[in-house]
Amino acid sequence: MTSDVNESDRVAAAVDALLAAYPPATTQPKEFWGAQFDAGLAWVDYQVGDGGLGVSPRHREYVNRRLEEAGAPTWNRSANILGIGMGAGVLAAHGTPEQRTRWLRPMFTMDEIWCQLFSEPGAGSDVAGLATRAVRDGDEWIVNGQKVWTTLAHLAKWGLLVARSDPDQPKHLGLTYFIVDMESPGVEVRPLYQITGEAEFNEVFFDDARIPDSQRIDDVGAGWRVAMTTLMNERVAIGGNTVPRNFGSIGRAMEVWNQRGSGDATTRRELARLWAEVEAMRLTALRATENMKAGVPGPEGSTGKLAWADLNKEVTSFTVSMLGLEGLTIPEGYTLEPTSYETREVERVMSPQRHFLRARANSIEGGTSEIMRNILGERILGLPGEPRVDKGLPWKEVPRG
Amino acid sequence: MAEPTTFVRSEEQRMLASTLRDLLASTTDMDRTRELSLSTDAMDHVTWKAISEMGLVGLALPSAYGGADSTTTDLAIVFEELGRVVAAVPLLSTVVASSVIMATGSEEQRRSLLPPLAAGETVATIAIFEDAHGHGTDTPSTKATREGGGWRISGVKRFVTDAPNADVFVVSAAVDGGVGTFVVAADVDGVAIEPLNALDPTRPLGNVSFDVLVSDDARLGGSHTGDALARAVDLGIAMVSQEQVGLSQRCLEMSVDYAKNRFQFGRAIGSFQAIKHRCADMLVAVEHARSAAWHAAATFDDPLEASIAIPLAKSVCSDTAVKVSGDTIQVFGGIGFTWEHDAHLYFKRAKATSLLFGPVGFHRDRLADAVGI
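From first to last, the protein sequence lines stand for chains B and S. Here this note's numbering is used: the first residue of the first sequence is 285, the next is one more, and so on. Here this note's numbering is used: the first residue of the second sequence is 7, the next is one more, and so on.
Put into structure tokens, the structure is as follows:
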């Protein structure tokens with residue numbers, strides 16, 4: 285308890301000093317983030333020198349709240365989410381001191397944007413089956429293959445890459461984790477146009493790209509274990525995400541109903557049903573957060589992703605139906621254009637029609653709803669797994685297609 | 007932690023739940039419940055006596071009237087546990103009727119009427135519905151007219167819960183251009199109870215016709231007690247929602263347990279995604295219902311939030327109970343369709359509770375009004 289109090293005092297003092305020395309109103313964001321990192325307030329639980337103070341991670345919330353209240357810039361966390369939200373955790377847990385020193389500060393200051401290179405055309409839900417090859421060549425690795433669904437790749441300096449270093453091992457064991465320079469020769473990024481015509485994601489092609497061995501994270505063959513750290517950080521980043529009432533698609537649905545709806549009783553009643561479902565999901569997220577804080581976490585902490593995906597698809601589809609014949613149109617039209625940095629950052633106001641189309645990805649991205657149901661069934665309810673035909677087989681003997 | 011939380015159960019509440027669960031494990035018996043299901047006046051007297059002695063019937067009433075001064079959420083926990091075992095006890099009826107007496111009765115009426123109810127010595131229920139769609143609760147055709155120094159109550163109330171076991175009816179009647187509420191004993195001349203064949207026989211139903219002369223002090227409150235009756239109905243919805251959470255959670259547990267132990271094609275059927283995914287969907291539904299029901303109980307004393315939370319819970323928990331108990335029959339397959347299995351007791355309770363206090367659609371309209379749709 286005493287150390288808790290000491291920790292709280294230390295963190296509070298560090299925040300006070302930072303805000304006094306770098307008043308948010310008159311400090312450029314990059315300069316502020318640099319000072320925040322140096323003050324140990326980037327990830328307060330990391331070691332001193334890595335942007336932390338070596339205190340409990342529960343102080344993160346306090347730091348964020350204080351900085352937000354003071355009007356400090358905090359949008360680097362979302363703009364460089366794959367670095368600050370995920371890559372940093374990997375470096376903190378698995379990186380060498382040199383690696384942490386090289387990458388953490390410019391990541392936090394947004395001087396270097398990060399992306400994550402896991403999914404492949406042949407490895408979606410079964411990401412451990414990935415085929416991108418990394419072959420050792422002296423002090424370097426030569427990488428060949430293709431990644432897909434890579435958010436921010438076209439803006440990124442660094443990529444978190446998992447590649448197959450030993451195809452003779454079973455699939456989980458032959459993987460190695462690297463940090464790849466996205467601007468190096470042999471790395472090509474192409475926008476991947478999606479259902480709306482936009483390109484939020486990219487395809488990334490590796491053609492004899494070379495990665496210094498000094499950019500390998502942890503041991504050769506430890507790639508899956510390191511990747512799990514990334515995914516765990518992803519879950520932490522997504523979990524505890526509570527929103528106000530009427531946030532997001534259900535709020536848009538109410539706007540459409542109130543401004544442009546038909547006014548009929550059946551539609552109204554159905555909208556009320558959907559509102560109730562969305563609100564129950566929101567209350568469940570609140571309950572999960574409260575139970576987590578109270579130290580009594582339950583299954584309610586694991587249902588959010590699946591529930592949200594299904595409900596968001598249903599609500600956005602219903603919203604287009606409420607438009608009547610206007611739902612036959614899409615105001616933006618279809619043009620093939622990469623999503624720009626600005627459109628990612630500025631709150632985009634999509635038409636209900638575009639929102640409806642975009643929502644189809646909700647049950648695919650970040651774990652398909654089928655995989656989420658397997659996770660709930662097996663890890664929460666304790667049901668047995670499916671028999672696996674690839675278990676124990678060398679990766680190269682596993683059927684693919 | 008001085009910080010107030012809405013969703014985290016206190017140590018005392020967890021204790022209440024586990025004590026009651028243990029008690030119900032010893033007092034309830036599914037074979038006896040099945041036996042009771044063949045009657046129109048089912049009542050598990052063993053369990054009723056046990057929960058009465060534990061002080062749970064009057065849990066949320068003030069101690070001055072024989073209660074235990076507990077909160078609405080404490081009471082909700084009792085309903086969740088009773089829902090887990092589809093207990094055939096008249097708690098819902100008694101609690102709802104007691105809340106009307108508490109809200110509208112004079113000090114003298116409370117002191118004479120509430121203690122025997124709180125002790126479980128007598129059973130009360132509200133008699134307010136007159137047709138299948140809940141029309142006319144604001145304008146009952148049942149009338150109260152002056153006769154001598156008292157009141158003559160005349161009319162027919164339908165679908166009255168626990169009517170066959172009730173000692174006391176809390177009856178709504180048109181009077182003075184508003185809705186009046188009267189307390190009428192079941193065993194007096196002029197009260198006729200017609201038991202119904204209930205879809206869920208573990209919560210008996212009856213039609214009750216009144217042509218009865220009662221004394222002046224049978225009347226509760228002033229002429230306009232309609233709001234108090236509506237509040238009592240909302241309390242009933244909050245409690246039923248929690249009961250639905252309990253029965254749904256139990257169904258999920260039975261399904262998962264069966265899916266782990268039933269083998270077909272050389273595998274536990276729970277290893278098939280068709281079953282596993284159904285169970286995962288049941289889990290999501292139960293967790294959402296749990297949040298909605300808890301919120302309804304926790305915010306019951308905040309009228310503005312309750313106007314949202316009550317129809318919200320009704321909408322979510324009713325759909326969940328019907329879906330999860332129906333899916334349970336499907337997971338069990340043939341055995342789940344038999345009388346000897348427990349699944350039908352849950353399924354019947356689920357469907358019946360979804361209709362109790364007015365169908366879901368009616369409450370979705372209320373919700374739309376409350377949230378600005």
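We put the beta carbon where it would ideally sit given N, CA and C, even for glycine. Every value quoted in this text rests on a predicted model; they were computed, and no experiment measured them.
- Closest in C-alpha terms to R350 (chain B), from the list B:G371, B:V328, B:G369 and B:I365, comes B:V328.
- The distance from the Cβ of M656 (chain B) to that of L590 (chain B) is about 4 Å, consistent with a contact at the 8 Å cut-off.
- Across the set B:H456, B:P668, B:G585 and B:M466, the C-alpha of B:P668 shows the shortest separation from the C-alpha of R273 (chain S).
- Beta-bridge partners of G212 (chain S) (DSSP): S:V166 and S:P201.
- With contact defined as three or more Cβ pairs closer than 8 Å, the region 160-177 of chain S and the region 129-144 of chain S are in contact.
- According to DSSP, C399 (chain B) shares a beta bridge with B:G443.
- For V214 (chain S), the CB contacts under 6 Å within the same chain, skipping 5 residues up- and downstream, are A133, K163, V166, A169 and I199 in chain order.
- No Cβ-Cβ contact shorter than 9 Å links A286 (chain S) with L515 (chain B).
- Near chain B, meaning a CB-to-CB distance below 7 Å, no residue of the region 324-348 of chain S qualifies.
- Within the region 297-364 of chain B, the runs of alpha helix (DSSP H) that reach at least 4 residues and sit entirely inside it are, in chain order, 313-322, 343-353 and 360-363.
- Here the alpha carbons of S360 (chain S) and S546 (chain B) stand approximately 28 Å from one another.
- Assignment of E539 (chain B) by DSSP, reduced to helix, strand and coil, places it in the helix class.
- Within the region 363-377 of chain S, contact with chain B at the beta-carbon level (separation under 7 Å) is assigned to G367, R370, D371, L373, A374 and V377.
- Looking at the backbone, the Cα of M634 (chain B) and that of R370 (chain S) are separated by about 28 Å.
- Look at the region 561-579 of chain B: the residues with a C-beta under 7 Å from a C-beta of chain S are E561, E563, A564, M565, L567, T568, L570, R571, E574, N575 and A578.
- With respect to A66 (chain S), L88 (chain S) sits apart: the two C-beta atoms are not nearer than 9 Å.
- Take G342 (chain S), set aside five residues on each side of it, and the residues of its chain with a beta-carbon closer than 6 Å to its own are I335 and A349, in chain order.
- Contact annotation for I664 (chain B) against chain S: L289 [CB-CB distance below 7 Å, chain order].
- For F343 (chain S), there is no enclosing beta strand (DSSP E), as DSSP marks it with neither H nor E.
- Here A643 (chain B) has N596, K597 and T600 as same chain residues with Cβ atoms under 6 Å from its own Cβ, once five neighbours each way along the sequence are excluded.
- According to the DSSP assignment, I281 (chain S) belongs to no beta strand (DSSP E) but to the alpha helix (DSSP H) extending over Q279 to A304.
- When CB distances to chain S are screened at a threshold of 8 Å, not a single residue of the region 293-305 of chain B falls below it.
- Taking CB atoms only, T587 (chain B) has a neighbour in chain S less than 9 Å away.
- Remark: C-beta atoms of L97 (chain S) and I107 (chain S) do not approach each other more closely than 9 Å.
- When Cβ-Cβ separations below 9 Å define contact, E293 (chain S) makes contact with chain B.
- Scanning B:G379, B:P308 and B:E621 for the CA closest to the CA of Y477 (chain B) turns up B:E621.
- Secondary structure of I534 (chain B) (DSSP, three-state): helix.
- The region 256-266 of chain S and the region 308-317 of chain S do not touch, with fewer than three beta-carbon pairs separated by less than 8 Å.
- Our two residues, E561 (chain B) and V527 (chain B), have alpha carbons roughly 15 Å apart in a direct line.
- No Cβ-Cβ contact shorter than 9 Å links Y352 (chain S) with S321 (chain S).
- Contact annotation, T78 (chain S) with A319 (chain S): C-beta distance approximately 12 Å; criterion of less than 8 Å not satisfied.
- Rounded to the nearest whole angstrom, the C-alpha separation of R529 (chain B) and E539 (chain B) is 14 Å.
- Chain B places no beta carbon closer than 9 Å to that of P309 (chain S), leaving this residue out of the contacts.
- Looking at the DSSP output, A180 (chain S) sits in a beta bridge with S:K149 and S:V185.
- Residue state for I479 (chain B) is assigned as coil, using DSSP reduced to three classes.
- Contact of L88 (chain S) with chain B by beta-carbon distance below 8 Å is absent, the smallest such distance being about 21 Å.
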